[in-house]
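Peer 1: Below is the structure I would like to discuss, written out as structure tokens.
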Amino acid sequence: MAWVNQHSFSQSIKPLLWCLKIAGLLPGIPLLGGGNTDSDNNEISPARVRIRSCSGRVYTVYSIVVILILWYNLALSLTAFVSVTQFNGIVCNQIITSMWFLQIAYCAVCNFFVCKHLKVFCVQFDDVAKSINFTNYYFIRKCAIGATVLYVVWMLIAFTFTGLGSYFLAAGNVGGPFGEVSFGVGIIVRIAFLVTYFYFTSTWYLIVASFFVVSLVLTKKFRHFNRSFKKCFEDGKFKGDIETTRMQHEHMSRLLFQADKVFSMYVMSSIGTVIPLIIFTLYFLLFESIDVFSFIATLWSACLSIIQMMVVFLGGGFVNHEAHAALEHVYGIDMNVMGPVHCHQLNVFLSKLTANQIGFTAFGLFTIDKPTIIAFASSIVTYTVVVIQFKPSASDATSSLCNCTLTT
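Take the position in the sequence shown, starting the count at 1, then add 60; the result is the number in my numbering.
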């Protein structure tokens, strides 16, 4: 376990990277860091290069297979809408299921294309850490190990209560759109469902966990910078080098921009699909009569939607807050004792902190900051109230009768 003692971001989160590899979410990217050298001069032998290249192609093919499985699962779920003639509880439940499948399949495809930015982020993280003297890699390792342990617990819970309950304990035909199937084919179909369910649950959790871990680490890094910046003040006067401080913050902002390349499409898909998911799920729970197992499963789905939104909003909000936290200290600098060059450098730094919001974005459309969080939280509450107000009226046998009096 040489990765434990190494000051490298990729080595510190290696347990989480292995989970991503197993789930097919890290295509063609070797696990970076130490422990991979064949000589004392840190040069990699040609044989190791060929092995890495071959393994990278294998992982790429494996990731493509996982993506095809998830999209085929989505296509199968859409076949349920072929015979739909009216909106009811069954259709509402199918919409919820298909939206979950769509979100996960979309995230898997996006992850396939943006994973190349993760490698750049890992290298850039270590360079920026050296420039600001950030050495708290122990915190990163704790986050990665915690996310890995929770992944194992999450998979056990998911397969125990949802996977096994849906595909092994449920009675009836499992052929789905294929109609009635024999016992042997039914076993194969159940196994295929479980494999699909593994990739579905793994993709959802690991992308959420990766975003949250990166958000925590970036928050910790910005907080370290802010503490160092605050220590440069003495009696209201700035004793440090303002240009060095400005460039350190600029490098961290570029690091955050690199992380945003990895997660911006995930943030957009989360906001675009989770809010409708919450609304449809609440409608289904409030106004449909369902059995206990279906109620628990649907309630679990609503909880996952809320957890996902909280991770996106809290993670993005913390990063945005810490990225702008230096602003209050900048306003406290006494410019009377500063030369014109330093004043110009300070104005450039101030413009960086006030011109645009720094943080994770929804594919560049908007930044996850406090006003955005309040706006979307308010929209969820508003739609919830609207759903409750439009409660379907109970059927009444006398409601269709009309009392008419004919006069002559």
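Glycine included, every Cβ here is placed at the ideal spot set by N, Cα and C. Nothing here was measured: the structure is a model prediction, and the numbers come from that model.
Below 8 Å on the Cβ atoms is my contact criterion, and I expect residue 282 with residue 305 to pass it. Report the Cβ-Cβ distance as a whole number of Å.
Peer 2: Along the sequence shown, read from residue 1 onward, the residue named residue 282 stands at position 222. Along the sequence shown, read from residue 1 onward, the residue named residue 305 stands at position 245. Not quite, the Cβ-Cβ distance comes to about 13 Å (not below 8 Å), so this is no contact.
Peer 1: Classify residue 436 as helix, strand or coil using the three-state DSSP reduction.
Peer 2: The sequence position of residue 436 within the sequence shown is 376, counting from 1. Three-state DSSP puts residue 436 in a helix.
Peer 1: Just tell me which of 76, 255, 195 and 150 has its CA closest to the CA of residue 28.
Peer 2: Look at the range of the chain in this structure, 61 to 468, and you will see that residue 28 is not part of it.
Peer 1: Rounded to whole angstroms, what's the CA-CA distance from residue 197 to residue 443? Just pull it up for me.
Peer 2: Position 137 of the sequence shown, counted from the first residue, corresponds to residue 197. Position 383 of the sequence shown, counted from the first residue, corresponds to residue 443. Each residue's Cα considered, the two are about 43 Å apart.
Peer 1: Three-state secondary structure (DSSP) at residue 293?
Peer 2: As a working note, residue 293 is residue 233 in the sequence shown. In this structure, residue 293 counts as strand in the three-state DSSP scheme.
Peer 1: Please report the Cβ distance between residue 263 and residue 77, rounded to the nearest whole angstrom; I am assuming they are in contact, meaning their Cβ atoms lie under 8 Å.
Peer 2: What you label residue 263 is simply residue 203 of the sequence shown in a count that begins at 1. What you label residue 77 is simply residue 17 of the sequence shown in a count that begins at 1. Actually they are not in contact, since the Cβ atoms of residue 263 and residue 77 sit about 15 Å apart, beyond 8 Å.
Peer 1: As an exercise, report each continuous alpha helix (DSSP H) stretch of at least 4 residues that is fully enclosed by the segment 357-385, in chain order.
Peer 2: Runs of the alpha helix (DSSP H) inside the segment 357-385: none found.
Peer 1: Taking the straight line between their C-alpha atoms, what separation do you get for residue 324 and residue 368?
Peer 2: Indexing the sequence shown from 1 puts residue 324 at position 264. Indexing the sequence shown from 1 puts residue 368 at position 308. Near 14 Å, if we compare the C-alpha coordinates of residue 368 and residue 324.
Peer 1: Is there contact here, the segment 425-442 with the segment 364-383, by at least three beta-carbon pairs under 8 Å?
Peer 2: The segment 425-442, when compared against the segment 364-383, does touch it at the 8 Å Cβ threshold.
Peer 1: What separation, rounded to the nearest whole angstrom, lies between the Cα atoms of residue 365 and residue 334?
Peer 2: On the sequence shown, residue 365 is found 305 positions in, with the first residue counted as 1. On the sequence shown, residue 334 is found 274 positions in, with the first residue counted as 1. Roughly 6 Å between the two C-alpha positions.
Peer 1: Does the beta-carbon distance from residue 191 to residue 311 come in below 8 Å?
Peer 2: Indexing the sequence shown from 1 puts residue 191 at position 131. Indexing the sequence shown from 1 puts residue 311 at position 251. Closer than 8 Å, so yes.
Peer 1: When DSSP builds the beta bridges, which residues end up paired with residue 427?
Peer 2: In the sequence shown, the residue the question calls residue 427 occupies position 367. Answer is 421.
Peer 1: For the pair the segment 152-159 and the segment 333-351, tell me if three or more CB-CB distances fall below 8 Å.
Peer 2: Verdict: yes, contact present.
Peer 1: Where residue 201 and residue 214 are concerned, what is the direct C-alpha to C-alpha distance, given to the nearest angstrom?
Peer 2: The sequence position of residue 201 within the sequence shown is 141, counting from 1. The sequence position of residue 214 within the sequence shown is 154, counting from 1. Spanning the two alpha carbons is a distance of roughly 19 Å.
Peer 1: Using the Cα positions of residue 416 and residue 177, report the straight-line distance between them to the nearest angstrom.
Peer 2: As a working mapping, residue 416 is identified with position 356 in the sequence shown. As a working mapping, residue 177 is identified with position 117 in the sequence shown. Whole-angstrom Cα-Cα distance: 23 Å.
Peer 1: Please report how far the alpha carbon of residue 322 lies from the alpha carbon of residue 175, in whole angstroms.
Peer 2: As a first step, residue 322 is located in the sequence shown; it is residue number 262 there, counting from the start. As a first step, residue 175 is located in the sequence shown; it is residue number 115 there, counting from the start. Going by the C-alpha atoms only, they are around 7 Å apart.
Peer 1: Quick one, which of 309, 285, 307 and 170 has its alpha-carbon nearest residue 131's?
Peer 2: The count along the sequence shown starts at 1 and reaches residue 131 at position 71. Checking every option, the nearest Cα to that of residue 131 belongs to 170.
Peer 1: Who are residue 298's beta bridge partners in DSSP?
Peer 2: Taking the first residue of the sequence shown as position 1, residue 298 is located at position 238. Note: residue 298 sits in a beta bridge opposite 293.
Peer 1: Could you tell me the alpha carbon to alpha carbon distance between residue 118 and residue 161, rounded to whole angstroms?
Peer 2: Translated into the one-based positions of the sequence shown, residue 118 becomes position 58. Translated into the one-based positions of the sequence shown, residue 161 becomes position 101. About 25 Å.
Peer 1: CB-CB under 8 Å to residue 129, same chain, minus the five flanking residues each way: which ones, in chain order?
Peer 2: Along the sequence shown, read from residue 1 onward, the residue named residue 129 stands at position 69. Only 255, 256 and 259 meet the Cβ criterion.
Peer 1: Measuring only the C-alpha atoms, how far is residue 205 from residue 274?
Peer 2: Numbered from its first residue, the sequence shown carries residue 205 at position 145. Numbered from its first residue, the sequence shown carries residue 274 at position 214. C-alpha separation (whole angstroms): 13 Å.
Peer 1: Counting Cβ pairs closer than 8 Å, one from the segment 345-361 and one from the segment 391-410, do we hit at least three?
Peer 2: No: the two stretches stay apart, fewer than three of their Cβ pairs being nearer than 8 Å.
Peer 1: Measure the C-alpha to C-alpha separation of residue 136 and residue 419 and round it to an integer number of angstroms.
Peer 2: Walking along the sequence shown from the start, residue 136 turns up at place 76. Walking along the sequence shown from the start, residue 419 turns up at place 359. One C-alpha to the other measures close to 37 Å.
Peer 1: So which of 315, 390 and 422 has the shortest CA-CA distance to residue 297?
Peer 2: The residue given as residue 297 occupies position 237 in the sequence shown. Comparing Cα positions, the closest option is 390.
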